[in-house]
Structures are given as structure tokens and as C-alpha cells.
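Residue numbers (the UniProt record's numbering), protein chains in the order written: chain A, 1 to 271; chain B, 1 to 269; chain C, 1 to 275.
Note that beta-carbon positions come from the ideal geometry of N, C-alpha and C, so glycine has one too.
Predicted, not measured: the structure shown is a model, and the values here were computed from it.
Have a look at the structure below, then the notes.
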Amino acid sequence: MTSIGTGYDLSNSVFSPDGRNFQVEYAAKAVENGGTAVGIRCRDGVVLAVEKLVQSKLLVPGSNKRIGTVDRHMGIACAGLIPDARHFISRARTEASSWRKNYHTPIPVSSLSDRMGLYAQAYTLYSSVRPFGVTSIIGGMDEEHGPTLWMVEPSGVGWGYYGAATGRGRQAAKAELEKLDLPNISVEEGVKHAARVILIAHGDNSNKDKDFELEMTWVRAADPAAAAGQTEGPVKAMGKHEPVPKELVEEAERQAREDVKGDEEDEKMEG
Amino acid sequence: MNHFPEAWGRPRDDVYGSYDRSVFGHDAAGPTQHTQQPIVTGTSVVALKFKDGVVIAADNLASYGSLARFNDVERLRQVGTHTIVGASGDVSDMQFLYEKQLENLIIAEDYQEDGHGLRAKHIYSYLSRVMYHRRSKMDPLWNVLLVAGWDDGKPFLASADLLGTTFSSPALASGFGAHLAVPLLRRIAPDEASVANITREQAIKTIEECMKVLFYRDARSMNKYTMAIVTGKEGTNDEPDIEIQKDVSLKQQSWKFAEKIRGYGAQTV
Amino acid sequence: MFRNNYDNDSVTFSPQGRIFQVEYALEAIKQGSAAVGLVSKTHAVLVALKRNAEELGSYQKKIIGIDSHLGIALAGLAPDARVLSNFMRSQSMSSRLLYNRPIPVSRVVNAIADKAQVNTQHYGRRPYGVGLLVAGVDETGPHLWEFQPSGMVLEYRGTAIGARSQSARTYLERNFESFENASKEELVLHGLKALRDSLAQDKELTTLNVSLAVVGIGKNFKLYDGDEVAEWLEKLGDTTSSRGGGARPSAADAPAGGAPVTTGDTEAGAMDTSE
Chain A
1 MTSIGTGYDL
11 SNSVFSPDGR
21 NFQVEYAAKA
31 VENGGTAVGI
41 RCRDGVVLAV
51 EKLVQSKLLV
61 PGSNKRIGTV
71 DRHMGIACAG
81 LIPDARHFIS
91 RARTEASSWR
101 KNYHTPIPVS
111 SLSDRMGLYA
121 QAYTLYSSVR
131 PFGVTSIIGG
141 MDEEHGPTLW
151 MVEPSGVGWG
161 YYGAATGRGR
171 QAAKAELEKL
181 DLPNISVEEG
191 VKHAARVILI
201 AHGDNSNKDK
211 DFELEMTWVR
221 AADPAAAAGQ
231 TEGPVKAMGK
241 HEPVPKELVE
251 EAERQAREDV
261 KGDEEDEKME
271 G
Chain B
1 MNHFPEAWGR
11 PRDDVYGSYD
21 RSVFGHDAAG
31 PTQHTQQPIV
41 TGTSVVALKF
51 KDGVVIAADN
61 LASYGSLARF
71 NDVERLRQVG
81 THTIVGASGD
91 VSDMQFLYEK
101 QLENLIIAED
111 YQEDGHGLRA
121 KHIYSYLSRV
131 MYHRRSKMDP
141 LWNVLLVAGW
151 DDGKPFLASA
161 DLLGTTFSSP
171 ALASGFGAHL
181 AVPLLRRIAP
191 DEASVANITR
201 EQAIKTIEEC
211 MKVLFYRDAR
221 SMNKYTMAIV
231 TGKEGTNDEP
241 DIEIQKDVSL
251 KQQSWKFAEK
261 IRGYGAQTV
Chain C
1 MFRNNYDNDS
11 VTFSPQGRIF
21 QVEYALEAIK
31 QGSAAVGLVS
41 KTHAVLVALK
51 RNAEELGSYQ
61 KKIIGIDSHL
71 GIALAGLAPD
81 ARVLSNFMRS
91 QSMSSRLLYN
101 RPIPVSRVVN
111 AIADKAQVNT
121 QHYGRRPYGV
131 GLLVAGVDET
141 GPHLWEFQPS
151 GMVLEYRGTA
161 IGARSQSART
171 YLERNFESFE
181 NASKEELVLH
191 GLKALRDSLA
201 QDKELTTLNV
211 SLAVVGIGKN
221 FKLYDGDEVA
231 EWLEKLGDTT
241 SSRGGGARPS
251 AADAPAGGAP
261 VTTGDTEAGA
271 MDTSE
């Protein structure tokens with residue numbers, strides 16, 4: 001790595017002669033060490049999923065949640081340093097609440113990710129702070145745009161996505177997401193795909209022998225009739241962010257394990 | 001408490017005389033003043049416990065002085081899963097409480113997703129603190145609030161007012177209802193023990209009766225109201241059933257008897 | 001000697017994305033004596049080993065009550081734990097004053113987690129140098145949480161922190177399946193046995209060096225200290241480590257000087273905060 005030993009990577013907010021901010025790049029490294037997180041934008045909602053690695057069997061199963069709710073209609077799934085993620089989500093809640101106070105309406109997802117981009121960016125400007133060791137996937141629904149999905153990186157950069165992946169298994173996850181016909185699937189289908197993508201991403205990295213829990217949430221049209229009546233284009237409605245029902249997660253995981261196993265056997269046959 | 005919300009919590013002018021502003025000397029502006037009176041007001045809220053829950057009702061009128069200014073105002077609000085709050089007094093203060101404070105409170109509570117939620121006694125405690133805090137800032141929220149719901153495995157009913165005073169009883173009414181409805185309610189609910197003998201139907205009937213009497217006698221009331229019925233499962237804090245009936249009309253109400261009263265209607269003599 | 005340039009403050013990431021100051025703070029926990037926590041369906045228990053600096057000195061307090069339904073055990077810098085416990089107490093009081101509700105355990109834990117995280121992101125601050133076990137009971141039952149200076153908090157069925165705590169965790173891992181339906185007495189004894197396993201070869205559990213606390217559904221947080229511990233030690237019987245042949249060397253016992261070095265160490269999850 002050309003950065004080490006140059007002295008340009010020892011402090012935040014310092015450019016190297018070729019115009020890079022190494023501390024931000026190192027923060028991105030912290031993200032690469034975190035469990036995989038994915039987001040899928042569907043026709044009638046958004047699905048968020050994380051690979052929660054279980055470090056000890058003494059941990060309480062199902063506790064220690066990693067996806068946070070912001071206002072009522074958005075969720076944030078993060079990869080990277082978990083305490084930083086909690087701070088980041090907490091700030092997002094403050095932004096959402098302040099928007100509500102000022103405008104008496106829920107904050108649009110695009111505006112929230114915009115503001116969170118600014119917040120992350122501010123932590124790249126000063127030597128007195130370090131950047132967030134977190135990349136966050138923000139998913140939600142609002143009345144104007146329907147379901148949308150955003151990803152904000154430690155640098156403050158933020159893009160809109162149909163399918164987003166970050167964390168350790170992001171390469172494999174991205175490859176899987178690209179095969180999907182997004183955003184023209186339903187959230188129910190999205191849940192199944194998300195489970196499979198996380199499973200494949202998990203198998204693709206060095207921690208594949210470790211146990212993990214699949215945590216999944218969705219944001220779907222609050223009014224199911226509005227979603228059902230529509231056959232094409234995104235559903236323009238408000239949504240609610242909540243955990244995917246346990247039975248659905250278990251079923252999706254079971255099916256995903258079968259699919260992945262089937263694929264592996266096919267490969268063996270061909271090989 | 002009467003049906004002049006502007007007089008709530010104030011020394012009565014007819015007893016103590018009007019406030020002597022000369023104590024401020026020649027400084028005409030006097031001290032900093034906050035809310036001195038409500039502007040647009042809602043009248044009574046009435047509520048009664050029964051064996052398995054609580055019934056609470058408030059009409060849909062918002063008055064501007066004696067002018068019936070708005071006739072579609074919702075003064076009951078569900079807060080979380082276990083609670084209905086009813087407000088009389090200043091409508092803008094009520095809207096601030098409902099749409100800003102309580103809305104944010106519930107959104108923030110839901111963030112935790114940890115199996116804990118704010119039930120009736122928690123919401124009531126919170127509102128009491130807010131009311132007392134504001135009166136201590138000499139900037140009160142000009143309301144009397146009734147909090148009805150389900151907690152500790154039994155019905156919950158209590159009130160908090162603009163002075164931060166808190167009070168609990170099996171039957172409560174604010175505003176003019178404190179004078180007119182409470183005696184009617186106490187006929188069937190004289191004490192906490194009697195609640196066990198009151199059925200849901202009885203409670204609803206009694207509240208309907210109160211709303212009718214109030215409409216006849218309270219000049220700031222109207223004949224359309226909202227009624228909420230909270231029904232819980234005894235001994236548990238499971239989510240209670242909350243039925244909210246909107247745009248309810250008074251039953252068997254008629255002004256016919258008044259036709260012979262002098263000064264009413266189209267009499268010319 | 002190779003000098004690590006990335007460990008001077010908590011606002012500098014190493015090229016691998018690690019924050020060494022935070023990792024060093026985690027080492028501070030291991031300088032403290034061991035504390036063990038565990039939960040059943042009805043109770044949560046804290047057990048801790050106290051140290052005294054000198055023969056004539058008193059023993060350092062290891063367990064602090066926060067509220068009637070909640071308490072902590074600490075390992076590491078005791079003054080830092082006092083600051084955190086004061087904060088937890090005020091959070092606890094606020095909850096009772098504002099909502100008339102004993103604070104849910106997870107919320108007070110998350111409050112200190114958020115507080116600790118800020119110290120890892122700003123220059124001129126240092127991370128807290130203490131680990132906590134938070135045991136309490138709320139409407140969703142008994143809970144045990146571990147707090148780390150990184151701002152990481154995790155809920156456990158049983159865990160241990162502090163010097164030689166790996167041995168205690170090994171005991172817990174072997175026995176945790178029986179915790180759920182254990183009685184209060186059985187749970188305390190499991191805790192003492194786990195703590196006993198963390199003892200050095202020539203040491204034993206005594207009424208002087210053991211602190212113990214129990215909280216249950218409908219039962220207030222109760223701290224047993226000094227002579228009050230005697231009854232529990234009697235029930236335990238053997239107060240010396242049952243592992244025989246002295247302590248195995250474990251990661252937890254490594255001296256602080258053996259702190260992580262940067263070069264080539266790209267082991268995923270080396271920093272506990274990134275899973």
C-alpha cells in the first residue's frame with residue numbers, strides 16, 4: 001500500500017499529494033470487515049437484510065438487533081463498526097424528527113439520505129474527528145416516490161440503488177443482485193432473494209464456518225390494497241418499516257439453503 | 001372548573017377583584033407574559049370505567065368564544081396501543097400535544113423494538129410531567145386531559161390539568177361535565193369497588209346519557225361526538241381492544257319540549 | 001523497534017480499518033479482576049472477584065446497584081465505572097420520574113453504549129477503560145448485557161469479563177443449557193463455579209474476595225458482601241479451582257504489552273466491534 005509510511009495517512013482531513021484522503025479509505029476498510037448487509041428495492045416496498053455473525057453460543061438468540069427503524073417509514077442496515085452504526089442511526093432519527101417538527105410531514109427517504117451524506121462528510125473534514133467506520137443502506141417508502149433505496153459511505157457519498165450490498169461479502173452479493181429483475185418484484189419475492197443473497201455472501205468469505213443469524217426487515221405499502229391493485233410501476237404510497245415476520249424469514253432461509261445446496265451439487269455434477 | 005376555560009386556574013374576579021397591574025409602577029408593559037387565556041376551545045370530556053375497560057367521549061365542536069367555529073374537531077386520540085387521551089380547553093395546545101409531543105413520543109418508543117411500550121399509566125405520567133413543567137414555566141398548556149386505557153391488568157382512568165394537578169377516579173369529566181356529568185356518572189360508579197359491577201353496555205349507556213344532558217345544558221357543546229371504548233383482558237397487559245366510534249349522534253334528543261318556553265324559537269310575544 | 005504510528009489516539013484508523021486506542025481500552029478490562037454474569041428464566045446473577053491493593057487495605061468494590069431492578073459488575077478502571085454508574089442511575093431516575101416506569105434494561109445499556117461511542121470518535125477524549133456486566137429484570141424478564149469501551153453491547157445468557165475470564169466462559173459454555181430452568185440457588189452456584197474456575201492456582205474464593213448480587217422477577221436487586229457471602233460459599237463447598245494443575249494460559253491472561261501489532265494482521269473481526 002502506497003499510503004503507509006508517507007505520513008499522509010496519519011490524520012483525517014489531510015490530502016496526499018495525489019489527492020486522496022487515506023483516513024477515509026481506511027474507514028472503508030473497517031466496513032469491509034463487517035458482516036454483509038443488503039438492500040433490495042421492490043415494486044411495493046424495500047427489503048433490508050444483514051448477516052449477523054454469532055461470535056459465541058452464549059449470546060441470546062434473536063437479541064442484539066442490527067437494523068434500525070427511522071421515523072415509521074424507513075430502516076437503516078449497516079455494515080462496519082456497530083457502535084458507529086448506532087450513532088449514525090441515532091442521528092438519522094434526530095433528522096427525521098426535526099423534519100417532522102418543521103414540516104409536519106414524514107421526511108422523504110431521499111432527503112434523509114441526503115442529510116446523512118452531509119453528516120458523514122462532516123466527519124471527513126476535521127483532524128479532531130474520525131470518519132464513520134460504517135456504510136449504511138437506507139430503505140424506505142414515501143408518498144411521492146414510493147419505495148427507494150440509498151447507500152451512504154464513510155466519505156459521505158450517497159447513491160440511489162435498486163439493489164445494494166456492503167460489508168465483507170459484498171462482491172458475491174452484488175453479483176447475485178445483478179441477476180434479479182429489480183425493482184419489478186414484490187417484497188415477498190424480495191425477502192426470498194435477500195435470504196439467498198446473504199447466504200451466498202456468507203459462504204463466499206472467510207467466516208463461512210461461523211454461525212450467523214439472518215436479520216431481515218421490510219418497508220411495505222401501509223395500504224395493501226394500493227399495492228395489490230397495481231400491476232406495473234412502483235407503488236406510490238407510505239410504508240411502514242418492521243421486522244419481516246419470523247415464519248417468513250425461517251421459510252426464506254430454509255428455501256435459500258436448499259437452493260444454494262442444489263446449485264453446489266449441480267456444479268459438482270458439471271465439474 | 002366550569003365551562004369558561006379562560007377562568008380555569010385563575011382567582012375569580014368576582015371574589016378577588018381584577019388583577020392590580022399598578023404593582024408594576026409605570027412600566028406599562030409589565031412582566032413577560034405567556035398564555036393568559038385559551039382562544040379556540042373544546043368543551044367537556046367524559047369517561048367512565050367498567051368491569052373490563054373504560055368508555056370515554058368528547059364532542060366534535062371547537063368554539064371561538066361563544067361562536068361554534070369548527071364542528072369536525074377530533075378531541076380524542078389513541079396514543080400507542082393501550083391508551084386514549086381526551087382533551088378539553090385550548091384546541092391549539094391540544095394539537096401541539098397530540099401532533100407534536102405524543103406523536104414523537106410514540107415514534108421514538110417504537111424505535112427500540114424491545115417488547116416494551118408505553119401503556120396508559122406511562123402516557124399519563126408523561127402528560128402530567130409536561131403539564132406541571134409548563135405551569136412551572138408560567139406558560140401552561142390550557143387543557144384538562146383525561147387519560148383512559150388499560151394498565152396493570154385493569155382499567156385505567158386519570159386526569160391532569162393546566163396547573164399540573166393530577167386526579168384519578170372511576171368516573172371523570174372535564175369542563176362543564178365536571179358539574180353536570182360527574183353526578184350522573186357517580187350514581188353508578190360511586191367508588192372504585194363499584195366498577196366491578198358495571199357492564200360495558202351500562203357504561204356506554206351512561207356516557208351517552210351524559211353527552212345528551214351536556215348538549216341540552218352546555219351552550220358550548222354540539223350533538224355530534226366521538227366515543228372510544230377500551231376493553232382489556234383482566235389480569236394481563238395484552239393489547240386491549242380499542243373501538244373508536246366517530247360522528248356519533250345523540251339518541252332520542254329533541255328540542256320539542258322547548259317550543260312552549262318563552263324566548264325560544266319563533267315566538268313573537 | 002517497529003513503532004505503531006496508528007495507535008496514538010482514537011481518531012486514527014489503521015490501514016486495516018482498526019482503531020488501536022479502542023482495542024487498548026479493551027485490554028484495560030483484562031487488567032481488572034474477573035466478573036461473571038448469568039440468567040435463568042426468573043433471575044439474573046452477578047458474581048465478582050474482589051482485589052485489595054495491600055493486606056491492610058479494603059477490597060475494591062466490584063458490584064454497584066443502579067436501581068431496585070438493576071445493577072452492574074465491573075472489570076477495569078473503577079473510576080470510569082463510577083461515572084457510568086452515576087449516569088445509569090440518573091437515566092433510571094428519569095425513567096421513573098417521567099414515565100413512572102422502571103427503565104428497561106436494554107435501554108439503559110444502550111444509553112451508555114451511545115455515550116461510550118462518542119469517546120471513540122473525537123480527538124482529546126479517551127475511550128472508557130472499563131467493561132461492565134449489566135444484570136436486571138424488566139417486564140420482558142431477566143437480562144444480562146455486556147458493555148465494552150468500544151460502545152459495543154451484547155446480550156448474553158451468561159458471560160464473564162476481566163482477568164482469566166476465559167476459564168469462566170468455558171465453564172458457562174459447557175453448562176449454559178441448564179441455566180434457563182435453574183433455581184436461584186442453582187444459578188448462583190453456577191456463577192460461583194464459573195468464577196472459581198477463573199482463579200489462579202494458589203487462590204480460593206473467600207468471604208473477603210467475593211461479591212455477589214441477585215435480582216429476580218418481583219425481587220429487588222440484592223447485593224451480598226462480606227459475611228453475607230458465607231452461606232453461598234458453604235453451599236458451593238470446594239472454593240478452589242476445580243481445573244487442577246493450575247491455570248491454562250489463555251488470551252485473556254496475555255500481558256497488556258502483548259497488544260496487537262499492525263503489520264499483516266488483517267484477520268477479519270480482529271476488532272470486536274466489527275463482529
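- Closest in alpha carbon position to C/Glu186, among C/Val39, C/Ala35, C/Gly32, is C/Val39.
- Per the coordinates, the alpha-carbon of B/Lys260 lies some 20 Å from the alpha-carbon of B/Lys212.
- When secondary structure is reduced to three states using DSSP, B/Arg10 falls in the coil class, being assigned neither helix nor strand.
- Note that the C-beta distance between A/Leu118 and A/Ala96 is not below 8 Å.
- Relative to the Cα of C/Leu236, the nearest Cα in the group C/Arg196, C/Asn220, C/Val214 belongs to C/Arg196.
- The continuous beta strand (DSSP E) containing A/Pro147 extends over residues 146–152.
- Under DSSP, B/Arg77 forms a beta bridge with B/Val85.
- C/Phe20 is outside the set of residues whose beta carbon lies under 8 Å from a beta carbon in chain A.
- Note that the region 151–161 of chain C touches the region 100–118 of chain C; at least 3 beta-carbon pairs, one per stretch, sit closer than 8 Å.
- Across the structure, A/Gly146 and A/Arg130 are spaced so that their CA atoms are roughly 35 Å apart.
- Put simply, the region 241–250 of chain B does not touch the region 23–39 of chain B. Fewer than three CB pairs are less than 8 Å apart.
- Listed along chain A are Lys65, Gly68, Thr69, Glu242, Pro243, each with a C-beta nearer than 9 Å to that of B/Glu113.
- With respect to chain A, the C-beta atom of C/Gln121 has a partner C-beta closer than 8 Å.
- Nearest CB-CB separation between A/Asp263 and chain C: not below the 8 Å threshold.
- By the neighbour-count definition (other C-beta atoms within 10 Å, threshold 16), A/Asp263 is an exposed residue.
- DSSP, reduced to helix, strand and coil, places B/Met222 outside both helices and strands of the structure shown, so it counts as coil.
- Cβ-Cβ separation between B/Gly164 and B/Tyr132: approximately 3 Å, consistent with a contact (criterion under 8 Å).
- Under a criterion of Cβ atoms nearer than 9 Å, the residues of chain B adjacent to A/Lys101 are, in order, Lys100, Asn104.
- For A/Ser97, a Cβ of chain B is located within less than 8 Å of the residue's own Cβ.
- Separation of the CB atoms of A/Ala221 and A/Ile137 is rounded to 20 Å, and the pair is thereby denied contact status at 8 Å.
- Between the C-alpha atoms of C/Gln31 and C/Gly76 there is a straight-line separation of about 6 Å.
- A/Pro245 counts as exposed, since fewer than 16 other beta carbons sit within 10 angstroms of its beta carbon.
- Leaving aside the five residues that flank C/Ala25 on each side, the residues in its chain whose CB is nearer than 6 Å to its CB run, in chain order, Pro127, Gly129, Pro149.
- Interface criterion met: the Cβ of B/Leu118 is under 8 Å from a Cβ in chain C.
- Neighbourhood of A/Ile76 in chain C, by CB distance below 8 Å: empty, with the nearest CB roughly 15 Å away.
- Residue environment analysis places B/Phe167 among the exposed positions, since fewer than 16 neighbouring C-beta atoms fall within 10 angstroms of its C-beta.
- Under the DSSP assignment, A/Met238 falls outside any beta strand (DSSP E); it carries neither an H nor an E label.
- Taking a Cβ-Cβ threshold of 8 Å, none of the residues of chain B is close to A/Arg115; the smallest such distance is about 17 Å.
- Any Cβ of chain C closer than 8 Å to the Cβ of A/Asn21 would place that residue at the interface, and such an atom is absent.
- Secondary structure of C/Ala28 (DSSP, three-state): helix.
- Nearest CB-CB separation between C/Pro104 and chain B: below the 8 Å threshold.
- In the structure shown, the three-state DSSP call for B/Glu99 is helix.
- Counting along the chain, A/Trp99 sits inside the alpha helix (DSSP H) bounded by residues 82–103.
- Interface residue (Cβ-Cβ distance to chain C less than 8 Å): B/His82 is not classified as such.
- Approximately 31 Å separates the beta-carbon atoms of A/Asp204 and A/Gly239; this is outside 8 Å, ruling out the contact.
- Chain B places a beta carbon closer than 8 Å to that of A/Arg72, counting this residue as a contact.
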